[in-house]
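All residue numbers for the sequence shown refer to the numbering used here, where the first residue is 6 and numbers rise by one.
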Amino acid sequence: MKTQSSRHHRSLLLAVLALFALPFPLLNAAPFTARNLPALMPSPESALQHATEIELTPDQRKKLEDGMSDLGTVATKFTTTVQRESDALAEILGADKPDESAASAQFESLLAAEAELKRVRLTMSLRTREVLTAAQLQKLQSLQNARSSRRASPPADQELAAKMERVKGLIERARQAGLDLSSIRTMWKRVNDFTQDGKTSEASQVLDDAATDLENKLSAAPVGPPPSPTTPRSRR
């Protein structure tokens, strides 16, 4: 016997499916699954990045940019919160014997922050879909699928791994030189986010920029104080 709760859950599921229903004829032929989510939730950044390919009009571009300006600050705020809560959880779990109650409470705080961030991204995605036409959405989906195929290739992964190793080496040199590395955590967070989203080219660009910045700082840093001519030699 179905309870009122089960009927309520079914109604919610149907509402979510209706919310995400795409006007794509090809996609409507098959049931939606989690694999469809990247196509079902286009970001304004992706639409603007492919503005030429999907033939954005000036009015559409303005609406997307206004939407990003409106919600971008909120998304950045929650991204920072998620990072802070993640760091706090890592600190708790880093103990030899982590406190279970403290870890559970912190984990709930992290989940709450992640939920708020996803809620903002969902809103940005829905607003993007309101701006784009069905043809533009289908074209954007095709471009995203093509990028997914390219990023799955081993050479791309190997190149990204090589760039990571290069940046790690530069970070170690900068640490030994006593340079400010306060921005490194944010850089790695961006690389991680792009990689998890399958945006290999964006992650690669962040690594390239970080490598260039570190190399410039290392070049400008003093090699070290020259030995003082008055320094007495050690006696044997």
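Every residue gets a Cβ at the ideal spot worked out from N, C-alpha and C, and that includes glycine.
N-terminal and C-terminal residue of the alpha helix (DSSP H) that residue i is part of
{"i": "S74", "result": "P63 to L98"}
{"i": "E50", "result": "P49 to Q54"}
{"i": "K194", "result": "I189 to Q201"}
Check whether residue i and residue j have beta carbons under 7 Å apart
{"i": "L165", "j": "K222", "result": "no"}
{"i": "L175", "j": "A208", "result": "no"}
{"i": "Q88", "j": "K168", "result": "no"}
{"i": "L115", "j": "E90", "result": "yes"}
{"i": "A44", "j": "T86", "result": "no"}
{"i": "A226", "j": "A182", "result": "yes"}
{"i": "L122", "j": "Q111", "result": "no"}
{"i": "L42", "j": "M129", "result": "no"}
Helix, strand or coil at residue i [DSSP, three-state]
{"i": "F37", "result": "coil"}
{"i": "T138", "result": "coil"}
{"i": "I59", "result": "coil"}
{"i": "P43", "result": "helix"}
{"i": "P30", "result": "In this predicted model, P30 has a pLDDT of only 43, less than 50, meaning its place in the structure is not dependable; the value taken from the coordinates is given anyway. The answer is helix: DSSP assigns P30 an H, G or I state."}
{"i": "D213", "result": "helix"}
{"i": "A208", "result": "helix"}
{"i": "A179", "result": "helix"}
{"i": "L184", "result": "coil"}
{"i": "A151", "result": "helix"}
{"i": "K168", "result": "helix"}
{"i": "K222", "result": "helix"}
{"i": "D2", "result": "Lying outside 6 to 241, the shown extent of the chain, residue 2 is not represented and no answer is given."}
{"i": "K242", "result": "Given a span of 6 to 241 for the chain in the structure shown, any question on residue 242 remains unanswerable."}
{"i": "K123", "result": "helix"}
{"i": "K102", "result": "coil"}
Residue i classed as buried or exposed, judged by whether at least 16 other C-beta atoms fall within 10 angstroms
{"i": "T62", "result": "exposed"}
{"i": "G99", "result": "exposed"}
{"i": "L69", "result": "buried"}
{"i": "S106", "result": "exposed"}
{"i": "R134", "result": "buried"}
{"i": "T57", "result": "exposed"}
{"i": "L289", "result": "The structure shown does not extend to residue 289, since the chain spans only 6 to 241, so no value can be given for it."}
{"i": "L212", "result": "buried"}
{"i": "P49", "result": "buried"}
{"i": "A52", "result": "buried"}
{"i": "K67", "result": "exposed"}
{"i": "T84", "result": "buried"}
Contacting residues, own chain, Cβ-Cβ under 7 Å from residue i (five flanking each side not counted)
{"i": "S74", "result": "none"}
{"i": "S148", "result": "It should be noted that the sequence gives Leu, not Ser, for residue 148. Once the five neighbours on either side are set aside, the close Cβ partners of L148 are H55 and E58."}
{"i": "R132", "result": "G72"}
{"i": "S224", "result": "none"}
{"i": "V196", "result": "A208, V211 and L212"}
{"i": "R242", "result": "It is not possible to answer for residue 242, since the shown part of the chain is limited to 6 through 241."}
Sequence-distant residues of its chain with Cβ nearer than 6 Å to residue i (five each side left out)
{"i": "V172", "result": "L212, A215 and A216"}
{"i": "V79", "result": "V125"}
{"i": "F37", "result": "none"}
{"i": "S188", "result": "none"}
{"i": "M192", "result": "A215"}
{"i": "Q65", "result": "V136"}
Residues of its chain near residue i, where Cβ-Cβ distance is below 8 Å and the 5 sequence neighbours each way are ignored
{"i": "R180", "result": "L186"}
{"i": "D104", "result": "I97"}
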